[in-house]
Structure formats: C-alpha cells, structure tokens
Amino acid sequence: MFKKVLATLALATMAFFAVPAAANAYGPNSNGTVVGPIVPGQSVTIVFGPNAFSGSSNVSFTVSGNSVVTLGAFKAATTTSFEKKSNADGSIELDVTLPENASGTYSITGTDVDGNIGTASLTVPASDAGSGNLPDTGSEVPVLALWTAGGALALGAGLIAVMTLVRRQRLSQD
Amino acid sequence: MTPPKHGRQKGRRAEKSRTRIWVVSAFALVLIAFVAWVGVRGLMAKSEIEAAVPLASALKDQVIAQETDKIGTTAAALDNHAATAASLTSDLLWRIAEFLPLVGPNLTAFRELAAVVDNLSNDAVGPLTELAASIEVADFKPAGGALDVQPLIDARPVVERAASAIDEAQSTMSGIDTDSTIVQVRNAKLQLAEQLAALADPVHAVRTAVVLVPDMLGASGPRDFLLLFQNPAELRASGGIPGALALLHTEAGRIDLGQQAAASGFARFDEPVLPLSDETRGLYGDITGEFMQNVNLTPRFPLSAQLAREMWKQKYGTEVSGVLSVDPVALAYLLEATGPITLLTGDLLSAETAVSLLLRDVYVRYSEPAQQDLFFAAAASAVFDKVASGDLDPVKLIAALARGGEERRISLWSAVEAEQVELLGTTLAGALPQKTNAVQPFGVYLNDATASKMDFYLDVQVADGQTTCRADGRPHYGVSVTLTNTAPVDAPTTFPEYVTGGGAFGVTPGNIKTLVNVYGTPELQNLGVARDGVAVPHLPATDGGYQVSQIAIELAPGESTTVQFGFLGEQPFQGEVDTQQTPVINRHETSKLTLSCDFPLW
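Protein chains in written order, with the working numbering: chain U, 28 to 201; chain L, 24 to 625.
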C-alpha cells in the first residue's frame with residue numbers, strides 16, 4: 028500500500044519539481060591549481076580550469092600581500108592589479124613572479140564581468156631563523172661560549188685602556 | 024690561686040653563657056615545636072586529601088549508578104576531608120612558615136591546593152551530587168511526544184553555580200606556582216588539574232544543556248527548526264548532501280514533525296541567497312548559495328545553516344529559528360536506544376541495517392530520486408515518532424546523541440544570538456576548530472564531485488603528525504588522507520546510473536571524484552600538497568584566515584591514493600595534533616603519522 032502511495036507521490040513530486048539535468052548541475056569543481064614551488068624571486072603559474080570564468084572575457088586580477096608581485100606577461104611592470112582575457116572555454120593561466128624579499132601570504136583574486144570569481148593564496152614559508160649548525164637542545168654551550176667571548180672582549184678592552192694609561196704616564200714622565 | 028676578681032668575672036661569664044644556653048635552647052624548643060606543628064599539620068592535611076581522592080571517584084560511580092542512598096553520605100565525607108585539609112593548612116603559624124626559604128613555596132602551594140579542593144567540594148561537587156540525587160535519567164525521556172522541561176529549568180541555578188566554581192578553580196590553579204616545590208606537591212597539582220579538567224567538560228555540557236534545551240523545546244514560546252537529513256553517500260564537508268528536509272515545531276517541551284521536502288525539489292536560485300565571501304566563492308563556488316544540495320560545501324556549519332534557512336524561507340515562507348542536521352549513522356545510533364523499527368514498506372530499520380538500507384539498498388530498489396527522498400523522509404519520521412513516544416532507553420539515547428555530536432553527525436545552529444554563543448563552545452556547533460595551548464587542530468573536509476551516490480564505496484583513512492627539523496624549532500605538521508574506491512570493478516555496468524552518476528559531470532561511471540580540503544589554523548603557513556610522495560599542483564587558499572589546500576582526486580574502482588598536506592608552525596609546540604574530519608560512513612580512528620625531515624614539502 029505504501030509503495031502505491033509512494034509511487035503516486037513520486038510522480039506528483041516529479042511533475043512539479045523535475046528540472047533538466049543540465050540546469051540542475053550542482054556538482055562542485057575545483058576551479059584553480061597552483062603549479063610549481065613558491066620561491067621568492069621565481070615565478071609560479073596559477074591555472075584556473077574550464078568554466079572558472081566566462082569564455083573570452085576580461086578577467087581582472089588583484090593581489091594583496093606583504094610586498095608587490097609581478098603579474099602576467101608584463102615583466103617590467105610591478106603591479107597589484109592586472110587584466111587578462113580568458114580562453115574560449117573560460118580557463119585562464121596566470122604567471123606570478125614573487126619579489127626577492129617575498130614573505131607571508133599573497134592572496135590573488137580574479138573576477139570577470141559576469142561576477143565569476145577565482146582565488147588562490149600563495150604562501151612563502153618563513154626561512155629557518157635558527158643558525159643551522161647549533162643543535163636545538165645544546166643551547167647552554169653556545170650561551171657559555173658567548174659569555175666567555177664577551178668576557179674576553181671586556182678583558183681586552185680593559186687591557187687596552189690600562190696600556191693607554193701607562194703609555195700616557197710614561198709620556199708625561201718623559 | 025685565681026684572683027677573686029677573676030673568679031667574679033668567670034662567674035659572670037658563666038652566668039652569661041648559661042643565659043645564652045637557655046635562650047638558645049628555648050629558641051630551639053620553639054623552633055622544634057614550630058616545625059613539629061607545621062609538619063604534623065602538613066602530614067594530617069596530606070592524609071585528609073588522600074582520603075578525599077577515592078571518595079571523589081566513588082561519588083562519580085555512585086552518581087552514574089544512581090545509588091541515591093549512598094550519594095549523600097559520600098559527598099558529606101568528601102566535604103569533611105576537604106574542609107579539614109583546608110583549615111589545617113591555613114592557620115597563622117603555617118602562613119608564617121610560608122616565608123621560610125625552600126620550605127615556604129611548598130607550604131604556599133599546598134595551602135592553595137587544599138583551598139581549591141575545599142571550594143570545589145562546597146560549590147561544585149556538593150550541589151551537583153544533590154542535583155544528581157534528585158533527578159533521574161528517566162526524566163530525560165519524552166512521554167507522549169513531550170519532554171518535561173521543568174526539571175531542567177529548576178536545575179539551572181545549581182548547575183550555573185557549579186560551572187562557575189569550576190571555572191574559578193581552574194583559574195586559581197593556573198596561578199599556583201609549583202616551579203620551586205618538591206615533586207610531590209607538583210604532582211599533586213597536576214593530578215588535581217587533570218581531575219578538574221575531567222569534571223569541567225561534563226559540567227559545562229550539562230550547563231549548556233540546561234540553558235539551551237528548555238527554550239529550544241519551546242518552554243518560553245513556540246519555535247520552528249529546519250531539520251536537514253544529510254546523506255553521506257554523496258559527501259559534503261559537514262557530512263552529506265541535505266537530501267531530505269523537514270520542519271520541526273516545538274512548544275512547551277512538545278516536538279512535532281511538520282512539512283517535509285526533498286532538496287531535489289528546490290530549483291537553483293539565480294544567485295546566492297545570502298552574500299558569500301570571496302573566499303567561500305573561490306573555494307566552493309557560488310553554487311554554495313544556489314543549491315540546497317550545496318549549502319554544506321563549506322565546513323562552516325553556521326554558514327550552511329543560514330543558507331538552508333534562507334532557501335527554505337524563500338521557497339515556503341517560514342523563517343525558522345534554528346537548523347538541526349543529522350545523518351543516517353547518527354540515526355543508527357538512535358536506533359540502539361529505540362530498538363528496531365518496522366517501516367511501512369516492511370523493512371526492518373535497526374542499528375545494524377540502517378546504514379546499508381538507507382545509503383545503498385534504497386538506490387538499488389528505487390530508481391527515481393524523488394522516490395528515494397520519500398523513503399528517507401518516511402524512515403526519518405518513523406524514527407522520530409518512536410523517539411517522541413518515549414519508548415526507548417534514555418541512557419542509550421543520551422549516549423547516542425553524545426556520540427553523534429562528537430563525530431559531527433549531529434549539528435545545531437540557532438538564530439538566537441545568545442543561544443548560538445552557547446552552542447559555539449560545543450561539538451554540535453560544527454564550527455572550524457580552534458588552536459589551544461594543548462592542541463594543534465586540522466580539518467579534513469571532503470566534497471563529492473561525481474554528483475552521485477558512490478561515497479558508500481569511498482574508504483577514508485586520515486593520519487596526522489608533527490616533527491621538528493628546523494634549527495629555529497618551528498615544527499612541520501603533516502596531515503595525510505588515504506582515499507580508496509572500494510566499488511567492485513564491474514560497478515560501471517552493474518550499478519544503477521543514479522549511484523554512479525552516469526558520467527554526467529565528466530567522471531567515468533564507477534569512478535569517485537572527491538575534492539579534498541584540508542584546513543590549518545590561521546597562524547600556520549601552508550606548505551602545499553604531495554600525492555603518493557610527490558609534490559603536486561593544488562589550490563592553496565585562505566578561508567577567514569585559515570590556511571586551506573584543495574585538491575581533486577579521481578579514483579577508479581579498486582584504486583587508492585594518499586595525499587599529504589604540509590603546514591609550518593609558528594613556534595615550537597609540545598602539545599597534540601588533532602584532526603577533525605567530515606563524518607564519512609565508515610569512520611576510522613585517525614592514526615598517527617611518522618614524519619621524516621626528508622620530505623618534498625619541506
């Protein structure tokens with residue numbers, strides 16, 4: 028009995044709500060990838076795939092971050108915004124050159140006239156601030172060495188001061 | 024021989040030294056008495072506290088076992104020991120002794136610890152046990168479609184007092200300095216802190232419950248909630264597509280299931296129903312706000328809830344005051360409390376059969392999505408009726424709800440701001456995880472890109488870990504996600520099109536395409552993604568400060584791959600790594616990842 032009700036209701040529901048598969052294209056897709064390592068002074072390519080933007084439309088890119096990056100083909104131009112035309116299938120490739128002193132995260136946002144949007148964030152990992160030779164755990168030894176060196180320096184300074192005095196005294200005695 | 028003058032002098036000197044001996048011995052005596060006083064009282068206080076510890080755990084067991092006749096006696100004994108310990112360590116001589124070098128800091132810490140225990144016993148343990156003795160678990164069982172919320176309302180003041188006593192104790196504890204004390208005192212503090220943490224979580228949970236539940240059940244006026252029934256056979260960040268929806272009406276403790284609808288009945292909205300941030304649009308697309316099936320592409324459940332609420336309002340006119348979401352696995356947990364339910368179709372819905380019936384068999388049996396949705400709705404309402412009737416085991420019900428919440432299979436959002444603030448402190452909120460001093464969290468969120476019901480066959484194993492390779496001590500974190508398509512090789516030909524997706528989205532039938540999003544907390548730096556040990560192109564992005572890497576993975580039947588996500592920490596970290604994940608159907612425990620310093624991402 029339930030099956031019968033179910034079938035009737037299903038038909039009714041279908042009649043009301045059925046929509047063509049294409050119009051109901053709800054499946055998500057990743058619309059961008061970054062190709063290559065993110066290294067200061069080098070360029071990296073951001074690829075927005077088909078349908079990321081409207082086909083053959085002007086996409087305007089903006090960048091926010093700690094310093095200025097170079098976008099696209101204008102090698103000389105150092106800029107925070109840039110416009111590029113998408114391919115016929117809505118895909119687009121963008122070359123981003125990071126400055127030598129790049130640090131932190133750069134967020135790149137592209138928008139077209141139809142309001143499509145593509146984003147990517149490029150993070151330059153902080154370089155190792157520790158000095159490479161010192162083991163992490165043996166910090167007492169370097170501190171001791173520092174004090175010893177500091178002490179020697181003070182001693183040396185004192186010695187020079189004394190020697191200067193002695194020389195002056197000798198000079199005045201002469 | 025000796026001159027008398029000398030003799031007198033000698034006598035005076037002897038007298039002097041006698042006086043000195045007297046003074047010294049008197050002083051020594053006083054000192055001994057003083058040391059003995061403080062020492063003996065210290066030992067007595069120690070044994071009082073030692074006697075209190077087993078009582079505290081006995082009390083916990085008695086509360087759980089509902090041994091109401093014993094609870095009072097145990098609580099009184101505990102209180103007595105705690106009070107004695109506190110008074111033994113707070114007299115004038117003890118306070119003076121605290122100024123002594125070496126010994127002093129030990130005595131100070133001891134006194135402060137004893138005071139914390141005493142305050143806890145007075146303001147938290149005592150009142151809570153009285154409350155526990157007066158309430159029975161059976162009180163939390165609906166009867167005739169309604170839950171009597173009055174006991175919860177009555178419990179509020181006591182629970183609030185206990186919760187703030189625990190908060191206070193925790194902040195006092197953090198001020199107790201055991202850096203220069205003997206190891207026993209330091210251990211005592213650590214032990215107490217552990218006990219306190221174990222007590223804090225359930226008490227805060229109870230506090231949240233007594234504050235929220237009565238109003239949400241309509242104690243102070245009727246409420247409407249939107250119930251999302253998530254389907255993890257088609258994964259979304261917070262679980263699965265909200266395939267079936269229903270209205271819940273609450274009034275004076277009574278819950279009624281109202282209008283039901285299917286997500287497929289919602290046409291695409293022309294533009295996002297609420298404005299989305301550029302970051303959400305970039306990572307998940309405008310479709311997040313345009314399709315009911317996509318509101319939970321974002322792992323931020325509060326955002327998903329608001330989008331679903333707005334869609335429902337635009338279509339049906341009702342503006343709900345909250346959104347609740349459950350998945351079939353949580354339903355299976357509930358069935359452990361209710362026992363098996365026979366559906367109108369003749370199917371037996373039980374804890375064992377629910378998942379395969381609702382997420383696999385239904386697609387094989389009914390070819391039309393609308394029929395499947397009706398089946399889901401019927402199943403949900405049958406379980407709902409059974410729960411509302413009160414024909415269930417309340418202890419198992421609470422355990423089922425707790426487990427569902429912990430695994431993120433049950434989420435709740437409230438449009439009432441004060442309620443949402445309360446919710447944000449709980450696992451039910453479905454918010455992004457927060458970093459603490461003890462935990463570095465990550466999030467692994469999966470979205471199906473096949474537009475199919477293949478995720479019944481997606482096996483997901485998550486592992487996480489950290490390693491320190493840099494001289495500056497900043498740690499590397501790794502989160503690995505191993506995906507396996509467990510569908511049979513003949514799936515493309517034997518599975519119905521609705522299960523495989525039929526290639527409609529450019530995915531070969533039988534294949535599973537998944538968008539994997541891994542979230543790191545804002546202070547981390549994103550080091551990218553490696554697939555099977557090789558750095559690969561991916562989408563690095565940010566979401567409200569969080570560092571995100573997104574990558575699409577497509578797997579043929581039988582195929583498996585491991586993607587590893589790298590992050591760099593801000594400073595050396597001694598705590599635990601903890602990864603929360605999309606509640607997939609067969610959830611495995613997160614395993615520990617052993618990281619090598621020689622890895623392509625760092």
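Every residue, glycine too, gets a C-beta built ideally from N, C-alpha and C.
Values in this document were obtained by computation on a predicted structure and should not be read as measured data.
Rounded Cβ spacing between residue i and residue j (contact assumed at less than 8 Å)
{"i": "Phe479 (chain L)", "j": "Leu382 (chain L)", "result": "5 Å"}
{"i": "Leu415 (chain L)", "j": "Ala454 (chain L)", "result": "Actually they do not touch by this definition, with Cβ atoms about 30 Å apart."}
{"i": "Leu435 (chain L)", "j": "Gly345 (chain L)", "result": "7 Å"}
{"i": "Ile176 (chain L)", "j": "Val226 (chain L)", "result": "About 18 Å separates the two Cβ atoms, so there is no contact after all."}
Under 8 Å by beta carbon: chain L residues contacting residue i
{"i": "Ala129 (chain U)", "result": "Residues of chain L passing the Cβ test: none, with the nearest at roughly 13 Å."}
{"i": "Val62 (chain U)", "result": "Pro560"}
{"i": "Gly157 (chain U)", "result": "Arg493, Ala494, Asp495, Gly496"}
{"i": "Gly145 (chain U)", "result": "Gly305"}
Own chain, CB closer than 6 Å to residue i, minus 5 neighbours either side, in chain order
{"i": "Pro515 (chain L)", "result": "Pro532, Gly533"}
{"i": "Leu616 (chain L)", "result": "Ala486, Asp487, Gly488, Gly501, Ser503"}
{"i": "Ala228 (chain L)", "result": "none"}
{"i": "Phe528 (chain L)", "result": "Ala474"}
{"i": "Glu708 (chain L)", "result": "Beyond the ends of chain L as shown, which are 24 and 625, falls residue 708 (chain L); an answer cannot be given."}
{"i": "Val182 (chain L)", "result": "Val229, Arg230, Val233"}
{"i": "Leu562 (chain L)", "result": "Gln573"}
{"i": "His104 (chain L)", "result": "Glu71, Ala74, Ala75"}
Residue burial classification, residue i (beta-carbon count within 10 angstroms, cutoff 16)
{"i": "Gln463 (chain L)", "result": "buried"}
{"i": "Thr605 (chain L)", "result": "buried"}
{"i": "Asp155 (chain U)", "result": "exposed"}
{"i": "Arg35 (chain L)", "result": "exposed"}
{"i": "Arg179 (chain L)", "result": "exposed"}
{"i": "Asn128 (chain U)", "result": "exposed"}
{"i": "Trp174 (chain U)", "result": "With a pLDDT of only 41 at Trp174 (chain U), under the threshold of 50, the placement of this residue in the model should not be trusted, and no figure is reported."}
{"i": "Lys536 (chain L)", "result": "buried"}
{"i": "Gly697 (chain L)", "result": "There is simply no residue 697 (chain L) to check, as chain L begins at 24 and stops at 625 in what is shown."}
{"i": "Glu313 (chain L)", "result": "buried"}
{"i": "Thr113 (chain U)", "result": "The identity of residue 113 (chain U) in the sequence shown is Ser, whereas the question assumes Thr. Ser113 (chain U) is buried by the Cβ-count criterion."}
{"i": "Gln573 (chain L)", "result": "buried"}
{"i": "Gly241 (chain L)", "result": "buried"}
{"i": "Lys164 (chain L)", "result": "buried"}
{"i": "Pro595 (chain L)", "result": "exposed"}
{"i": "Gly448 (chain L)", "result": "exposed"}
{"i": "Gln587 (chain L)", "result": "buried"}
{"i": "Asp471 (chain L)", "result": "buried"}
{"i": "Phe122 (chain L)", "result": "exposed"}
Spatial neighbours of residue i in its chain, beta-carbon cut-off 7 Å, leaving aside the 5 residues before and after
{"i": "Met315 (chain L)", "result": "Pro265, Ala286, Phe289, Ala331, Met334"}
{"i": "Val385 (chain L)", "result": "Gln395, Phe398"}
{"i": "Tyr521 (chain L)", "result": "Tyr386, Ser390, Pro392, Lys476"}
{"i": "Val126 (chain L)", "result": "Ala120"}
{"i": "Ala223 (chain L)", "result": "Ile189, Gln193"}
{"i": "Gly581 (chain L)", "result": "Asn508, Val512"}
Run of the alpha helix (DSSP H) containing residue i, from where it starts to where it stops
{"i": "Leu591 (chain L)", "result": "Premise fails: Leu591 (chain L) lies in the beta strand (DSSP E), 583–591, not in any alpha helix (DSSP H)."}
{"i": "Gly428 (chain L)", "result": "417–429"}
{"i": "Gly448 (chain L)", "result": "Where Gly448 (chain L) is concerned, there is no enclosing alpha helix (DSSP H), given that its DSSP letter is neither H nor E."}
{"i": "Gly82 (chain U)", "result": "Per DSSP, Gly82 (chain U) belongs to no alpha helix (DSSP H) and is neither H nor E."}
{"i": "Tyr53 (chain U)", "result": "Counting along the chain, Tyr53 (chain U) falls outside any alpha helix (DSSP H), and DSSP gives it neither H nor E."}
{"i": "Glu359 (chain L)", "result": "351–361"}
{"i": "Pro237 (chain L)", "result": "206–239"}
Endpoints, the beta strand (DSSP E) within which residue i is located
{"i": "Ala284 (chain L)", "result": "277–285"}
{"i": "Leu268 (chain L)", "result": "262–274"}
{"i": "Asn470 (chain L)", "result": "462–471"}
{"i": "Ala564 (chain L)", "result": "562–566"}
{"i": "Lys111 (chain U)", "result": "108–112"}
Residues that residue i contacts on chain L, provided the C-beta gap is smaller than 9 Å
{"i": "Asn114 (chain U)", "result": "Per Cβ cutoff of 9 Å: no residues; Asn114 (chain U) is ~17 Å from chain L at best."}
Per-residue contacts from residue i into chain U (C-beta, under 7 Å)
{"i": "Asn470 (chain L)", "result": "Pro55"}
{"i": "Phe314 (chain L)", "result": "Tyr53"}
{"i": "Thr531 (chain L)", "result": "Simply none; closest approach about 14 Å."}
{"i": "Asp301 (chain L)", "result": "Thr136, Ile144, Thr146"}
Same chain, Cβ closer than 8 Å to residue i, neighbours up to 5 away in sequence not counted
{"i": "Val140 (chain U)", "result": "Ser81, Ser84, Asn85"}
{"i": "Leu215 (chain L)", "result": "Leu136, Val139, Val140, Met196"}
{"i": "Leu358 (chain L)", "result": "Ile364, Leu372, Ser373, Ala374, Ala377, Val406"}
{"i": "Asp116 (chain U)", "result": "Pro77, Asn78, Gly82"}
Min CB distance residue i to chain C below 8 Å
{"i": "Asn85 (chain U)", "result": "Given the protein chain composition of this structure (U and L), no chain C is represented."}
Partner residues on chain L for residue i, Cβ-Cβ distance less than 7 Å
{"i": "Ser134 (chain U)", "result": "Thr565"}
{"i": "Leu149 (chain U)", "result": "Pro563"}
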